[in-house]
Amino acid sequence: MGAALLSEPEKVSNILTTLTRALSFPITCKIRVLPDLHKTLDLVKVIENSGVAAIAVHGRVMEERPQHKNRNYVIKAIAETLSIPVIANGGSGEIGSYQDIETFRLETSASSVMIARQAEWNCSIFRKEGKLPLDAVIEKYIK
81 MGAALLSEPE KVSNILTTLT RALSFPITCK IRVLPDLHKT LDLVKVIENS GVAAIAVHGR
141 VMEERPQHKN RNYVIKAIAE TLSIPVIANG GSGEIGSYQD IETFRLETSA SSVMIARQAE
201 WNCSIFRKEG KLPLDAVIEK YIK
């Protein structure tokens, strides 16, 4: 949704409701958590009621960066509150392998996980058998 809209639930609702009614394909959105758990839960309920198919949740507040701890407990509370799929995000500091992805998913009770930084560094992170050396990934990609 854009972090600027996090404090404007009515505007969020209007935007998402308009999109979900006007388009014939599933709409999803991504948010960051708010400093207050209850306000975050109120916001995601508004988002769910707008008709979106799923919501991705970054577990840090707007001002925080990757060196800050992800609020996995907030993502878990959201996943346990909503009936739509919740996609966990923001675990770059704790994800270094495929097994870490699964641990993050289970810890957050999310239906799936969104990976950014680790996949940018080495896309073989999604291999159940373990990551390949980056040189091998590059060589395979070039071929």
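In my numbering, the protein residues as written are 81 to 223. Cβ coordinates follow ideal geometry from the N, Cα and C atoms, glycine included.
The stretch 117-131 makes contact with the stretch 89-100; the number of CB pairs closer than 8 Å reaches 3 or more. Here Gly-139 is buried, its C-beta having at least 16 other C-beta atoms within 10 Å. Rounded to the nearest whole angstrom, the C-alpha separation of Ile-175 and Phe-184 is 8 Å. Here Ala-199 is not near Pro-165, since their CB atoms are 8 Å or more apart. Boundaries of the beta strand (DSSP E) harbouring Lys-110: 108-112, taken from the DSSP string. Only exposed fits Leu-103, as fewer than 16 other CB atoms lie within 10 angstroms of its CB.
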